[in-house]
Structure formats: C-alpha cells, structure tokens
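In mature numbering (1 follows the signal peptide of the UniProt record, and there is no 0), the protein residues as written are -23 to -1, 1 to 225.
The next block holds one structure in the form of structure tokens; read it before the comments.
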C-alpha cells in the first residue's frame, strides 16, 4: 500500500514539474518579431517615395540622342510633379503637362514652366509657376516662405563659387580643370528651391547630382563618362497647405 501511495505521489510530482516546466518554456519563448515596414514605395525604375512623402529620383538617364542643344524645346527633358514622372517631348508645349525642365545633355540648368522658359519657344507658354530659392537643410525647411520671396524670372543653374555666394539660384559650383578644360559641377548642400505650382500646391526641391551613381564630389573625368544621369528629391504639400515638414 505504501508502495502504491509512493508511486502515485511520484507520478503527481512528475506531472506537476512537467506542467511548471512547460509553462516556463512558454513564458520564456521570445515574442514574434514584428514585420519590418517598407522604408520606400517604388514608383518606377528611377523613382521611389519614403514614408514621409519625400520622392527621390535617382540616376535618370537623359536621352543623349534626342537632345539637339539648339535652344528649342527638344533641348530639354521635362518632369511633372503631379505624376512623379518625366513626360515625352510631344507634351512639352503644354502648360499643364510638366513643371520643370532639365537643359541639354547634362541637365545642369533647371527651368520651370513659366516666364523664364518662354524665350525658348516660338509661342509663349501659359504656365505661371513661381519659385523661391532658399538656403538651409532640406528637412529643416518646414514651412513655405513669404510670398514676396517667390519669383518667376530665374532658373536653377550652375555657376562659379563667387557668384554662388551671392545668389541662391545656383545649386552647384562649376569649375574648369587644367586637364583638357574638363568641367566639374559640385553641388552646394545648403541650396534648394520651393516651387509654387499653378494649382496652389508647393514643392520643396533639392537637386542632388547630374552624374551616374548620384556623385556629389565628381572628378573632371566624371564629366566625360558619367554625366547626364540626374538625381533629385522633392516633397509636395497638400492643396491649400504651407506645411513642408519632411522629418516626422
């Protein structure tokens, strides 16, 4: 009898220990890992958008064969903020199908659809986009500047360091090299633009590079082998909003 009682006691004790051990194992098991959120949404081969709404265009290749550089509408590559895409040449004369245009085979000068671009067409365009050229960190510019800062008379361009120190509408410093007169365009980190579109929305815009691989410290040789691949980023406000916050 005693043996049976002891046997039962051992069985109950073993069961109790098993239950406790099992409970502990469950409690000690690591919590399931949360799925990683996608940092970017892919728009197309060259374009993506981050979770804060900033759109990045990287290494878009300018069509070297199509650009004639004879100062007509075929001398430019056109981009539309509304569709986050480049548009075809046949839409170039439309005042509503594009917002900015990159000039020539390297795309270093950027014109907007409006006053500054009209002298390159036989007939004036009807677009009336405006632009404010600013200095500061892209994410630090959180609100649209005063209306008086906006103009429709200038393009975003490259120029010498001396002129860049005085004027805000110069996104990169151009330098001639003694090596066969090769040129480099080095971006100015603190220069950017805010476009006011005809529908009242605002676009915070930062030109990054005209070199393949989004180079920001190019060599003179890079101009010969890697130019004509443009990279930039921008953020579009909601209609009626002046909030340019991109770091949330």
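Where is the CB? At the ideal position from N, CA and C, for every residue including glycine.
Closest by C-alpha distance to residue i, when choosing among the options
i           : options          : result
residue 176 : 59, 55, 30, 69   : 59
residue 153 : 147, 146, 161    : 161
residue 220 : 75, 38, 117, 112 : 117
residue 166 : 76, 80, 150      : 150
residue 180 : 66, 76, 23, 40   : 76
residue 31  : 137, 16, 80      : 16
residue 79  : 124, 44, 23      : 44
residue 61  : 87, 88, 72, 23   : 23
C-alpha gap between residue i and residue j, whole angstroms
i           : j           : result
residue 139 : residue 163 : 14 Å
residue 143 : residue 135 : 13 Å
residue 122 : residue 109 : 8 Å
residue 99  : residue 131 : With a pLDDT of 49 at residue 99, under the threshold of 50, the modelled position of this residue cannot be trusted; read the value that follows with caution. Between residue 99 and residue 131, the C-alpha separation is close to 19 Å.
residue 90  : residue 192 : 27 Å
residue 216 : residue 178 : 5 Å
residue 19  : residue 37  : 14 Å
residue 196 : residue 129 : 33 Å
residue 28  : residue 198 : 36 Å
residue 68  : residue 170 : 24 Å
residue 40  : residue 147 : 24 Å
residue 168 : residue 212 : 15 Å
residue 74  : residue 65  : 10 Å
residue 137 : residue 145 : 12 Å
residue 133 : residue 173 : 14 Å
residue 112 : residue 125 : 16 Å
Neighbour-count burial assignment, residue i, 16 or more Cβ in a 10 Å radius
i           : result
residue 21  : exposed
residue 107 : buried
residue 85  : buried
residue 214 : buried
residue 101 : Unreliable placement is indicated for residue 101, whose pLDDT of 46 sits below 50; no coordinate value is reported for it.
residue 120 : exposed
residue 54  : buried
residue 82  : buried
residue 25  : buried
residue 42  : exposed
residue 225 : exposed
residue 56  : buried
residue 114 : exposed
residue 63  : buried
residue 70  : exposed
residue -6  : Unreliable positioning characterises residue -6 in this predicted model, as indicated by a pLDDT of 48, which lies under 50. A coordinate reading is not provided.
In DSSP terms, what residue i is bridged to
i           : result
residue 168 : 112
residue 152 : 161
residue 204 : 188
residue 27  : 17
residue 58  : Per DSSP, none; premise fails for residue 58.
residue 130 : DSSP, once it has assigned bridges, lists no residue as partnering residue 130.
- [ ] Please confirm if the segment 168 to 187 is in contact with the segment 202 to 218, defined as three or more CB-CB distances below 8 Å between the two stretches.
- [x] yes
Open item on the list: Any contact between the segment 46 to 56 and the segment 191 to 204? By contact I mean 3 or more CB pairs, one from each, below 8 Å.
Closed with: no
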